[in-house]
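Residue numbers (the working numbering): 186 to 312.
As structure tokens, this is what we get:
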């Protein structure tokens, strides 16, 4: 919070250890971001990542009890309601192959989450 409150600017080499996950030269920033995105998408379903990110984001404004309830609802959702990615993750692990995720990180989110308004970010343009 100190950085937000003070607006302090400093060089990466002067940062407290552990503040940043990576420090790369400017010309390598996009490459590092894309590499990390590829690693995440290869190892975790988009729905799983979206649910985890959402739980972390809304957790700041939640009581511990509400955060626990939100997590419980999400676990029930992926274990009992939309199980496709869970089953694929287990199968691909035991078959020693890359997973082929089935669910969509936006379209398949449960409606019960305390999400902010969903914005359609899909477009026909390519990166």
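Cβ coordinates follow ideal geometry from the N, Cα and C atoms, glycine included.
Residue i burial status per 10 Å Cβ neighbour count (16 or more: buried)
{"i": "residue 204", "result": "exposed"}
{"i": "residue 293", "result": "buried"}
{"i": "residue 289", "result": "exposed"}
{"i": "residue 245", "result": "exposed"}
{"i": "residue 223", "result": "exposed"}
Simplified DSSP assignment, three categories, for residue i
{"i": "residue 249", "result": "helix"}
{"i": "residue 294", "result": "coil"}
{"i": "residue 256", "result": "helix"}
{"i": "residue 301", "result": "Legend: pLDDT at residue 301 = 48, less than 50; position of this residue unreliable, value from coordinates given subsequently. In this structure, residue 301 counts as coil in the three-state DSSP scheme."}
C-alpha distance - residue i paired with residue j, whole-angstrom precision
{"i": "residue 235", "j": "residue 199", "result": "33 Å"}
{"i": "residue 197", "j": "residue 206", "result": "11 Å"}
{"i": "residue 221", "j": "residue 229", "result": "12 Å"}
{"i": "residue 268", "j": "residue 239", "result": "19 Å"}
{"i": "residue 282", "j": "residue 296", "result": "32 Å"}
{"i": "residue 219", "j": "residue 247", "result": "32 Å"}
Same chain, Cβ closer than 7 Å to residue i, neighbours up to 5 away in sequence not counted
{"i": "residue 217", "result": "207, 209"}
{"i": "residue 278", "result": "none"}
{"i": "residue 225", "result": "234"}
Beta-carbon proximity list for residue i, same chain, < 8 Å, skipping 5 on both sides
{"i": "residue 193", "result": "187"}
Own chain, CB closer than 6 Å to residue i, minus 5 neighbours either side, in chain order
{"i": "residue 271", "result": "263"}
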